[in-house]
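To start, the structure under review is shown below, and the notes come after it.
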Amino acid sequence: MLRLVDSLGRERTLSIFADWSDRIAAGEVPQAPPRPQGVERNVVVSLWDIGTPLSFMHDMYATDKRDPTINGGGLVYAGDYNLGVLSLLDPKRHTVETIKVPVRDRNLPASNFAQPTMQVPSLFWGEELIWSETQRTEVKNVDAKGRLWMMTTFRLPDNPAWCKEGSTNKFAQYFPIARSGRQMAYYDPKTKQTTLIDTCFNTHHAAYAEDQDDTIFVAGLGSGLSWFKVRVFEQTTVSSGRGLRGAANWRASIAPSARC
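Number 1634 in my numbering belongs to position 143 of the sequence shown; there are no gaps in the numbering.
Here's what the structure looks like:
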């Protein structure tokens, strides 16, 4: 968190938060927006209970942010960061289906956020360690074909040889990556199949471009600037079976004012 604060200017940013904290302590509250008027009051809110007591619902998507008409009235997807499952909510039938996101390797390491010991006993769980977060599944978008894209861990951190130093891959030659903590996948509701995409770079947040390659830009978290070309992956996978290497691209990120 402090790295993000530093990027905005540490002293200035901390002074802004401190000022707001002082104003709250003095009784200030944000200005309330005006109450809804007219047809804005004709709203029905439906609520559904999904997940389990151990769930950490990290993200939820129902459509493509580039075209919100996609998947109208269709499934709503939630990704469980702790349990590595997807909750599929059908808002028309008022039903919820849970499916497990597949993994390739067993004994995946726990997330850095999953503490190995309880610092303070929970009032509900006591000393029980309920967080493992081995898959850290986050849903990111529903594309034009209705497929749900997600970032999820499905293998051990050691990367394939084509990602590392000595590879003939041009991106690995420029910036080799030995380990990846999380990869990509998509779920197709038509086939009910999940396709695992073994990226060299780490994955986290994503932005979806409006270009001919349907590019997904990924926050690589130490893996440089990363992007995945969906069209290239689909076309070359069908023709040669090697679509991943042409579709998953990255570069080193350089911060000229970074402090070492």
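Glycine included, every Cβ here is placed at the ideal spot set by N, Cα and C.
**Asked** Cβ atoms of residue 1704 and residue 1634: under 8 Å apart, would you say?
**Response** The count along the sequence shown starts at 1 and reaches residue 1634 at position 143. The count along the sequence shown starts at 1 and reaches residue 1704 at position 213. No, the Cβ-Cβ distance between residue 1634 and residue 1704 is not below 8 Å.
**Request:** Go ahead and label residue 1609 buried or exposed: buried means 16 or more other beta carbons lie within 10 angstroms of its beta carbon, across all protein chains shown.
**Result:** Position 118 of the sequence shown, counted from the first residue, corresponds to residue 1609. Exposed, since its Cβ has fewer than 16 Cβ neighbours within 10 Å.
**Asked** Where does residue 1730 sit, in a helix, a strand or coil, going by DSSP?
**Response** For the purposes of this step, residue 1730 is taken as residue 239 along the sequence shown, with counting starting at 1. Any reading at residue 1730 is ruled out, since the residue's pLDDT is 43, under 50, leaving its predicted position unreliable.
**Asked** Taking DSSP as the reference, what is the three-state secondary structure of residue 1529?
**Response** As a working note, residue 1529 is residue 38 in the sequence shown. Looking at residue 1529 - three-state DSSP - the assignment turns out to be helix.
**Message:** So residue 1573 and residue 1546 are supposed to be a Cβ contact under 8 Å. How far apart are they, rounded?
**Reply:** The sequence position of residue 1573 within the sequence shown is 82, counting from 1. The sequence position of residue 1546 within the sequence shown is 55, counting from 1. With 8 Å as the limit, residue 1573 and residue 1546 qualify as a contact, their Cβ atoms being about 6 Å apart.
**Message:** Helix, strand or coil for residue 1581? Go by DSSP, reduced to three states.
**Reply:** Taking the first residue of the sequence shown as 1, we reach residue 1581 at position 90. Strand, per DSSP.
**Message:** DSSP has residue 1675 in a bridge; who is on the other side?
**Reply:** Sequence index remark: in the sequence shown, residue 1675 carries index 184 (1-based). DSSP, once it has assigned bridges, lists 1642, 1688 as partnering residue 1675.
**Request:** Determine contact between the segment 1525 to 1538 and the segment 1598 to 1607, defined as no fewer than three beta-carbon pairs at a distance below 8 Å.
**Result:** no
**Request:** Would you give the residue range spanned by the alpha helix (DSSP H) that residue 1504 belongs to?
**Result:** Stepping through the sequence shown from its first residue, residue 1504 is reached at position 13. 1501 to 1516 is the span of the alpha helix (DSSP H), which, as asked, contains residue 1504.
**Message:** Any contact between the segment 1676 to 1696 and the segment 1634 to 1651? By contact I mean 3 or more CB pairs, one from each, below 8 Å.
**Reply:** yes
**Prompt:** In whole angstroms, what separates the C-alpha of residue 1537 from that of residue 1585?
**Reply:** For the purposes of this step, residue 1537 is taken as residue 46 along the sequence shown, with counting starting at 1. For the purposes of this step, residue 1585 is taken as residue 94 along the sequence shown, with counting starting at 1. Rounded to whole angstroms, residue 1537 to residue 1585 spans 10 Å at the Cα level.
**Prompt:** When burial is assigned at 16 or more other CB atoms within 10 Å of the CB, is residue 1729 buried or exposed?
**Reply:** The residue given as residue 1729 occupies position 238 in the sequence shown. Legend: pLDDT at residue 1729 = 49, less than 50; position of this residue unreliable, value from coordinates given subsequently. Residue 1729 is exposed by the Cβ-count criterion.
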